[in-house]
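Participant:
There are 2 protein chains.
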Amino acid sequence: MRPSGRLHLGHYKGALENWLLLQNTPNIKNYFLIADYQVLGDHLGETEKLRSSVIDMVIDWMSVGLDPERSDFVVQSYVPEFAELFNFLAMFTPYSVATNNPTLKDEMKKIENRESSKSDSISLGFINYPVSQVADIMLPRGQIVPVGEDQVPHIELARKIIKKVNTMYGTNFPLPLALLSDTPRLVGTDGNDKMSKSLGNTIYLTATLDEIKKQVNSMYTDSGKTSISAPWNIEKHVVFQYLDIFYHDKAHIAELKSKYIAWGEDSIGDGGVKKLLIEILDTFIKPIREKREYYLAHPELVIQAIEKWSTNARKVGQELLIELKETMGLVDYGKELIVK
Amino acid sequence: MRPSGRLHLGHYKGALENWLLLQNTPNIKNYFLIADYQVLGDHLGETEKLRSSVIDMVIDWMSVGLDPERSDFVVQSYVPEFAELFNFLAMFTPYSVATNNPTLKDEMKKIENRESSKSDSISLGFINYPVSQVADIMLPRGQIVPVGEDQVPHIELARKIIKKVNTMYGTNFPLPLALLSDTPRLVGTDGNDKMSKSLGNTIYLTATLDEIKKQVNSMYTDSGKTSISAPWNIEKHVVFQYLDIFYHDKAHIAELKSKYIAWGEDSIGDGGVKKLLIEILDTFIKPIREKREYYLAHPELVIQAIEKWSTNARKVGQELLIELKETMGLVDYGKELIVK
Chain A
0 MRPSGRLHLG
10 HYKGALENWL
20 LLQNTPNIKN
30 YFLIADYQVL
40 GDHLGETEKL
50 RSSVIDMVID
60 WMSVGLDPER
70 SDFVVQSYVP
80 EFAELFNFLA
90 MFTPYSVATN
100 NPTLKDEMKK
110 IENRESSKSD
120 SISLGFINYP
130 VSQVADIMLP
140 RGQIVPVGED
150 QVPHIELARK
160 IIKKVNTMYG
170 TNFPLPLALL
180 SDTPRLVGTD
190 GNDKMSKSLG
200 NTIYLTATLD
210 EIKKQVNSMY
220 TDSGKTSISA
230 PWNIEKHVVF
240 QYLDIFYHDK
250 AHIAELKSKY
260 IAWGEDSIGD
270 GGVKKLLIEI
280 LDTFIKPIRE
290 KREYYLAHPE
300 LVIQAIEKWS
310 TNARKVGQEL
320 LIELKETMGL
330 VDYGKELIVK
Chain B
0 MRPSGRLHLG
10 HYKGALENWL
20 LLQNTPNIKN
30 YFLIADYQVL
40 GDHLGETEKL
50 RSSVIDMVID
60 WMSVGLDPER
70 SDFVVQSYVP
80 EFAELFNFLA
90 MFTPYSVATN
100 NPTLKDEMKK
110 IENRESSKSD
120 SISLGFINYP
130 VSQVADIMLP
140 RGQIVPVGED
150 QVPHIELARK
160 IIKKVNTMYG
170 TNFPLPLALL
180 SDTPRLVGTD
190 GNDKMSKSLG
200 NTIYLTATLD
210 EIKKQVNSMY
220 TDSGKTSISA
230 PWNIEKHVVF
240 QYLDIFYHDK
250 AHIAELKSKY
260 IAWGEDSIGD
270 GGVKKLLIEI
280 LDTFIKPIRE
290 KREYYLAHPE
300 LVIQAIEKWS
310 TNARKVGQEL
320 LIELKETMGL
330 VDYGKELIVK
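Quick note, the sequences are listed as chains A and B, same order. Heads up, the first sequence is in numbering that gives the first Met the number 0, so the first residue is 0 and it goes up one at a time. Heads up, the second sequence is in numbering that gives the first Met the number 0, so the first residue is 0 and it goes up one at a time.
#1: Just how far apart, CA to CA, sit Phe172 of chain A and Ala134 of chain A?
#2: I'd like to know if Tyr94 of chain B contacts chain A, where contact means its C-beta is closer than 7 angstroms to some C-beta of that chain.
#3: With which residues is Val146 of chain A paired in a DSSP beta bridge?
#4: Please state whether DSSP places Val186 of chain A in a helix, a strand or coil.
#5: Mind checking whether Gly187 of chain A and Leu198 of chain A have CB atoms under 7 angstroms apart?
#6: At the level of alpha carbons, what is the spacing between Ser266 of chain B and Lys258 of chain B?
#7: Quick one: what's got a C-beta closer than 8 angstroms to Lys256 of chain B's C-beta in the same chain, skipping five residues either side?
#8: Given that Asp119 of chain B touches chain A, what residues does it touch there, using C-beta distances under 9 angstroms?
#9: Spatial neighbours of Pro145 of chain B within its chain, please: C-beta separation below 6 angstroms, excluding the five flanking residues on both sides.
#10: Of the residues B:Val38, B:Trp60, B:Gly271 and B:Arg1, which one's Cα is nearest the Cα of Lys290 of chain B?
#11: Verify the CB distance criterion: does Arg1 of chain A have a CB-CB separation below 7 angstroms to chain D?
#12: Comparing C-alpha positions only, which one of A:Phe31, A:Thr326, A:Val215 and A:Gln75 sits nearest to Arg50 of chain A?
#13: For Pro67 of chain A and Glu45 of chain B, I'd like the C-alpha separation in whole angstroms.
#14: Is the Cβ of Lys334 of chain B closer than 7 angstroms to any Cβ of chain A?
#15: Go through its chain and collect everything with a Cβ distance to Glu306 of chain A's Cβ below 7 angstroms, but skip five positions before and after it.
#16: Under a three-way DSSP split, which group does Tyr203 of chain A fall into?
#17: Report the rounded CA-to-CA distance for Leu88 of chain A versus Ser309 of chain A, giving the unit in angstroms.
#18: Is Leu138 of chain A helix, strand or coil by DSSP?
#19: List the endpoints of the continuous alpha helix (DSSP H) containing Ser70 of chain B.
#20: Could you tell me the boundaries of the beta strand (DSSP E) in which Tyr30 of chain B lies?
#21: Does Met327 of chain B come within less than 7 angstroms of chain A when only Cβ atoms are used?
#22: How do the region 76-87 of chain A and the region 71-85 of chain B stand: do at least 3 beta-carbon pairs fall below 8 angstroms, yes or no?
#23: Return helix, strand or coil for His7 of chain A, following the three-state DSSP convention.
#24: Are Asp119 of chain B and Pro93 of chain A close, meaning C-beta to C-beta below 7 angstroms?
#25: State yes or no: is the C-beta of Pro152 of chain B within less than 7 angstroms of the C-beta of Asn100 of chain B?
#26: Quick one: give me the first and last residue of the alpha helix (DSSP H) that Pro286 of chain B is part of.
#27: So Leu204 of chain B and Ile284 of chain B are in contact, right, with Cβ under 8 angstroms, and what is the actual spacing, rounded?
#28: Using a threshold of 7 angstroms, state whether the C-beta atoms of Gly141 of chain B and Pro175 of chain B are closer than that.
#29: I'd like to know if Ile340 of chain A contacts chain B, where contact means its C-beta is closer than 7 angstroms to some C-beta of that chain.
#30: Mind pulling the chain A residues with CB within less than 9 angstroms of Asn340 of chain B?
#31: Going by DSSP, what residue range makes up the alpha helix (DSSP H) through Asn165 of chain B?
#32: Residues of chain A with CB under 7 angstroms from Gly40 of chain B, in chain order?
#33: Pull up the CB-CB distance for Gly223 of chain A and Lys213 of chain A, whole angstroms please, since I reckon it's below 8 angstroms.
#34: Got a sec, what are the start and stop residues for the alpha helix (DSSP H) Lys353 of chain A sits in?
#35: I want to see whether chain A comes within less than 7 angstroms of Ala304 of chain B, judged by CB atoms only; does it?
#36: Applying a beta-carbon distance threshold of less than 8 angstroms, which residues of chain A neighbour Ala82 of chain B?
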């Protein structure tokens, strides 16, 4: 995950909920990556914010229940072994394959449209990032990678490159699989497809009751009617979309929806469903908010979590690199260089 | 220097002689890089030879007088800090600048002409190598880089990138200068511009007397005459070219040349100049050959030289990386991770 500061409900539903499931699955060792190098590439001139973004994000991780005792929190920039492995993998990757990646091409177009000086807006580091992600996955011998659909080409690239290494050297590094979430994408409070800080349509994972009220009360309540006489269609009704996702009593939701549409005597209006959603969200967020308070008062726990487990990841990574280098005939030294 | 096995006289005149000068200049700290990653990129399927190529090359370095007590011998693949620094520098390098490098373009064309499957023949690692060379230079805060003319664009790229880092973060990393050799290029024994193992036109730095005789006797002795009545022109006479470079008695050479051209009673023929060159080369090579024998009998000295000074380079490199990261606001950790 790129550290871009405090997380919102979209992050929870899109990623963290899956991560918690994986963390609670027996016999799975999890590595959660804080991809600060990737953020750095876009913000070379404003690096002073990066550190606080990392801390904010990790506090949110811990507040929702990710547990550094059970999973490794890994800061990319703390683990130079990622860079070293990338160096090897770049040699196995045809330039044409690296640059024909559809996700990369899309993002290149976006950057070029956004920036004024087109020729300088894309860095070499940006071109390298899909293969750099392959190193992120391979270093801890990743087998299952929870991703969004737009990241699937990266996992395919990883399988291709790692397969080539295995074929060439008879190694047995695992080929990773993409784990897609089946949660529908959480829309912004304004109904916009994308929940984003800059659009102001987010609800933070650690919002106060007042903040929740403000955001829910401003929610877009689309009747779905195309004319006055047309039938109701609440598919795009933001409040119901949120209830579908966060409220576990599905029978009650069905009942509310039919009453809302019937508009009869015992109907429930926008005010009613909003009030319910505020209650549901506050119940969901309250324990997270309280944990955040606790970690804010104990920042040393957060720092320890990052440092201890990044160091752990370095060890795991160095083991892989030594295996790879020995297989390639590169070293018979090295064990004494490992981080103790 | 790329480790491609035993070195020949061309390597000595093109590089090592300059390195020895630098080593013997007071107050200059030298780092001599064994660029095994670069070789690796071209020979992924035949890495087993790489290690012996490294050893062979380092023995030759030591045999001509490069001294691991005074200079650091650095194996690229032993120093992951190169990869880490590359990772940063790639973010500072516009993709357009990285790929418009004229030397890179030339080499890309050569590879594409050589290989049958054009689209896959260039790796992402190859595209990265000029910026990777910038990391090689910057990591030990390199100030003077002895290079051939074809490498000058790489030094210009280094100045450009390091300047950008300095401007952005107020750092003071030195901008390197290219040190060009003024030695004329040593031709192959067959008169071919390029001295290369595969053409069989080389004299190894550690050739036996028999090998020297064989190569000198086979030398191309071009009279330079365009017709029988035309004047002599011994500019392309390989034996004289070698004498010009390896024989210190310039007056004697001038005398020999005029006698050779005059073709009079006291003239000296091809046999005579060849005999002289054999003597000169054997005198030059003999002490190198003897040192090689010594190091072959004491391989532990070679291994120690590589390992000790690569570790030393890691320390120097980690200091730079910590300075860079701290300036960028990336870490306040790290010192405990340094290699002791």
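C-beta atoms are modelled at their ideal positions from N, C-alpha and C, and glycine is treated no differently.
Facilitator: Considering the structure as presented:
#1: In a straight line, the C-alpha of Phe172 of chain A is about 12 angstroms away from that of Ala134 of chain A.
#2: With 7 angstroms as the cut-off, Tyr94 of chain B counts as an interface residue toward chain A.
#3: Answer is A:Leu179, bridged to Val146 of chain A.
#4: DSSP places Val186 of chain A in coil when its eight states are reduced to three.
#5: Closer than 7 angstroms, so yes.
#6: Distance between the alpha carbons of Ser266 of chain B and Lys258 of chain B: 5 angstroms.
#7: Ile233 and Phe239.
#8: Near Asp119 of chain B (Cβ distances below 9 angstroms), the residues of chain A are Pro93, Tyr94, Ser95 and Val96.
#9: For Pro145 of chain B, where only same-chain residues beyond five positions count, the Cβ hits under 6 angstroms are Asn17 and Leu178.
#10: When only C-alpha atoms are compared, the closest one is B:Trp60.
#11: Of the protein chains in the structure, A and B, none is chain D.
#12: Measuring C-alpha to C-alpha distances from Arg50 of chain A to each of A:Phe31, A:Thr326, A:Val215 and A:Gln75 identifies A:Gln75 as the nearest.
#13: Roughly 42 angstroms separates the two Cα atoms.
#14: Because the pLDDT at Lys334 of chain B is just 39, under 50, the model does not fix this residue reliably, and the point stays unresolved.
#15: Counting only Cβ-Cβ distances below 7 angstroms, and skipping sequence neighbours, we find nothing.
#16: The answer is strand: DSSP assigns Tyr203 of chain A an E or B state.
#17: Spanning the two alpha carbons is a distance of roughly 21 angstroms.
#18: Here Leu138 of chain A sits in coil by DSSP.
#19: Where Ser70 of chain B is concerned, there is no enclosing alpha helix (DSSP H), although the beta strand (DSSP E) around it starts and stops at Ser70 to Val74.
#20: For Tyr30 of chain B, the enclosing beta strand (DSSP E) begins and ends at Asn29 to Ile33.
#21: Output row for Met327 of chain B: interface = yes.
#22: Yes, the region 76-87 of chain A touches the region 71-85 of chain B.
#23: Correct three-state label for His7 of chain A: strand.
#24: Less than 7 angstroms divides the Cβ of Asp119 of chain B from the Cβ of Pro93 of chain A.
#25: For Pro152 of chain B and Asn100 of chain B, yes; Cβs fall inside 7 angstroms.
#26: Looking at the DSSP string, the run of the alpha helix (DSSP H) that includes Pro286 of chain B is Asp269 to Ala296.
#27: At roughly 7 angstroms, the Cβ-Cβ gap stays under 8 angstroms, so Leu204 of chain B and Ile284 of chain B are in contact.
#28: For Gly141 of chain B and Pro175 of chain B, yes; Cβs fall inside 7 angstroms.
#29: What is shown of chain A runs 0 to 339, which leaves residue 340 of chain A out entirely.
#30: Outside the displayed span of chain B (0 to 339) sits residue 340 of chain B, for which this structure offers no information.
#31: Where Asn165 of chain B is concerned, the enclosing alpha helix (DSSP H) stretches over Val151 to Tyr168.
#32: Those are Met90, listed as they occur along chain A.
#33: Not quite, the Cβ-Cβ distance comes to about 25 angstroms (not below 8 angstroms), so this is no contact.
#34: Examination of residue 353 of chain A is not possible in this model, given that chain A is present from 0 through 339 alone.
#35: No, Ala304 of chain B does not count as interfacial toward chain A.
#36: Neighbours of Ala82 of chain B across chain A, judged by C-beta separation under 8 angstroms: Pro79, Ala82, Glu83, Phe85 and Asn86.
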